[in-house]
Amino acid sequence: ARKIIIDTDPGQDDAIAILLALASPAEIDLLGITAVAGNVPLPLTESNARRVCELAGRPDMAVYAGCDAPLSRPLITAEHVHGAGGLDGPDLPDPTMPLQDRHAVDVLIDTLRSEPAGSVTLCPLGPLTNIATALQQAPDIAERIAEIVLMGGAYFEVGNITPTAEFNIYVDPEAADIVFRSGVPLTVLPLDVTHKALVTTPRNDAFRALGTPVGLAVAEMTDFFERFDKEKYGSDGAPLHDPCVIAYLLRPDLFSGRHINVEIETGSELTLGMTVADWWGVTDRAPNAMFIGDLDAQGFFDLLTDRLARL
Ligand code: BDR
Ligand code: CA
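Taken in order, the sequence shown gives residues 3 to 313; the numbers are from full-length UniProt numbering.
What follows is the structure, given as structure tokens:
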């Protein structure tokens, strides 16, 4: 199984990504979960991560708290999408499993140094603050990371927090810039693909029909989470952004994209946090990312529903 660390700011879609990983032990060896401030402040994201592990029957999973604010900007949150608690919808109990006391950034660095080089994949599902801080503090880890597979950015689909920026990149554009310039192999799941992973009513009914606490909680999460996109974009349901990262690890054949140059706008106020993706190869800037543009949405939902049934 592939060793991964999920770096996350749960978030209903983050939660479903964690569940998908925990449901797939044959392919994914989840070494730990590092929480970051994003959708909601850090105390909520780390406790939500623990809530999700307990929902999955995995109170043994190690959850670490990381950075509570972006590298050089005040935190921007997304309660307007995810609710005041970040994981609104299901009524999940307060977690009783412990928060580990080491800092997430130290854990990222130590894990990458102690595991064989090229064996650990990082899966960021929120702002890139923890990952960039680890790369800044320990530049030697860059060449030890197998790959970074992240949810963030947008190109044809433009933005969801500003007209040109996607939330995870916008919240900490300096951190994103560090990651995109790091030389680490990157795979990027932008809004262009995640806005195609929509939970339509029959798909949500399929979660509920699992008849398990996990199936019901996921249905309630997407019921809550979809309001924003239905009202804002007139879409058919909630886009499952972050689960696309885990689905990509499990079934890359469901996705397609291009290996291109992607740079992060950090200077302009108007387009701050934009992922400037050279999709058409109109510059000679070197490719640094596999930028995913499409997925087999029904294949994705069949995979997700089948895996969630195992929890
Ligand atoms: C991203 O922002 C968050 O609100 C979601 O959890 C996802 O990671 C989508 O723009
Ligand atoms: Ca997220």
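Glycine included, every Cβ here is placed at the ideal spot set by N, Cα and C.
Everything numeric in this text was worked out from a predicted model, so none of it was measured.
Cβ-heavy atom distance between residue i and ligand 2 below 7 Å?
| i | result |
| --- | --- |
| L127 | yes |
| T10 | yes |
| D16 | yes |
| N41 | yes |
| D244 | yes |
| G13 | yes |
Can we count residue i as close to ligand 1, meaning its CB is less than 7 Å from some heavy atom?
| i | result |
| --- | --- |
| M292 | no |
| G295 | no |
| E168 | yes |
| H82 | no |
| D194 | no |
| N132 | no |
| N50 | no |
| N206 | no |
| N263 | no |
Go to residue i, then tell me how far its alpha helix (DSSP H) extends in each direction, as first and last residue.
| i | result |
| --- | --- |
| A106 | A106 to S116 |
| T135 | T131 to Q139 |
| D70 | Segment: none, D70 is in no alpha helix (DSSP H) and carries neither H nor E. |
| I18 | Q14 to L24 |
| P245 | P245 to L252 |
| V83 | E81 to H84 |
Taking buried to mean at least 16 other C-beta atoms within 10 Å of its own C-beta, is residue i buried or exposed?
| i | result |
| --- | --- |
| S121 | exposed |
| S184 | buried |
| S116 | exposed |
| S26 | buried |
| V284 | exposed |
| Q14 | buried |
| G295 | buried |
| T203 | exposed |
| H84 | buried |
| F303 | buried |
| E233 | exposed |
| P141 | exposed |
| A156 | buried |
| L272 | exposed |
| F169 | buried |
| F158 | exposed |
| R205 | buried |
| G236 | exposed |
| P100 | exposed |
| P165 | exposed |
Between which two residues does the beta strand (DSSP E) containing residue i stretch?
| i | result |
| --- | --- |
| A37 | I30 to A37 |
| D296 | A291 to L297 |
| S258 | F257 to I262 |
| T47 | Per DSSP, T47 belongs to no beta strand (DSSP E); it is in the alpha helix (DSSP H), L44 to L57. |
| V151 | I147 to M153 |
| T10 | R4 to T10 |
| L242 | Careful: L242 lies outside any beta strand (DSSP E) and carries neither H nor E. |
| L124 | V122 to P126 |
| T277 | T277 to A279 |
For residue i, which residues in the same chain have their Cβ closer than 7 Å to its Cβ, ignoring the five residues on either side in sequence?
| i | result |
| --- | --- |
| Q300 | none |
| L57 | L94, P215, V216 and A219 |
| E222 | G91 and P92 |
| A136 | V107, L110, I111 and I143 |
| V247 | A19, C125, L127, V151, L152, M153 and L191 |
| Q102 | A64, V65 and Y66 |
| I180 | A134, L137 and Q138 |
| N290 | F182, L188, N263 and V264 |
| P97 | S49, R52, R53 and E56 |
| I171 | G154, G155, A178, I266, G275 and T277 |
| L114 | V122, I143, R146 and I147 |
CB-CB under 6 Å to residue i, same chain, minus the five flanking residues each way: which ones, in chain order?
| i | result |
| --- | --- |
| D31 | A3 and K5 |
| L77 | A39 and A71 |
| P187 | E149 |
| D308 | none |
| A119 | R146 |
| T196 | P241, H243 and C246 |
| N50 | P12, G88 and L89 |
| L24 | A58 and R60 |
| F230 | V83 |
Quick one: does the C-beta of residue i sit closer than 7 Å to a heavy atom of ligand 4?
| i | result |
| --- | --- |
| V151 | No copy of ligand 4 appears in this structure; the ligands present are ligand 1 and ligand 2. |
Might you give, ordered along the chain, the residues of its own chain that have their beta carbon closer than 8 Å to the beta carbon of residue i, omitting 5 neighbours on each side?
| i | result |
| --- | --- |
| E29 | A3, R4, L251 and L252 |
| G59 | L313 |
| R287 | N263, E265 and D280 |
Counting only runs of 4+ residues fully inside the region 156-228, write out the alpha helix (DSSP H) ranges in chain order. Counting only runs of 4 or more, we get 169-173, 175-182, 193-196 and 203-210.
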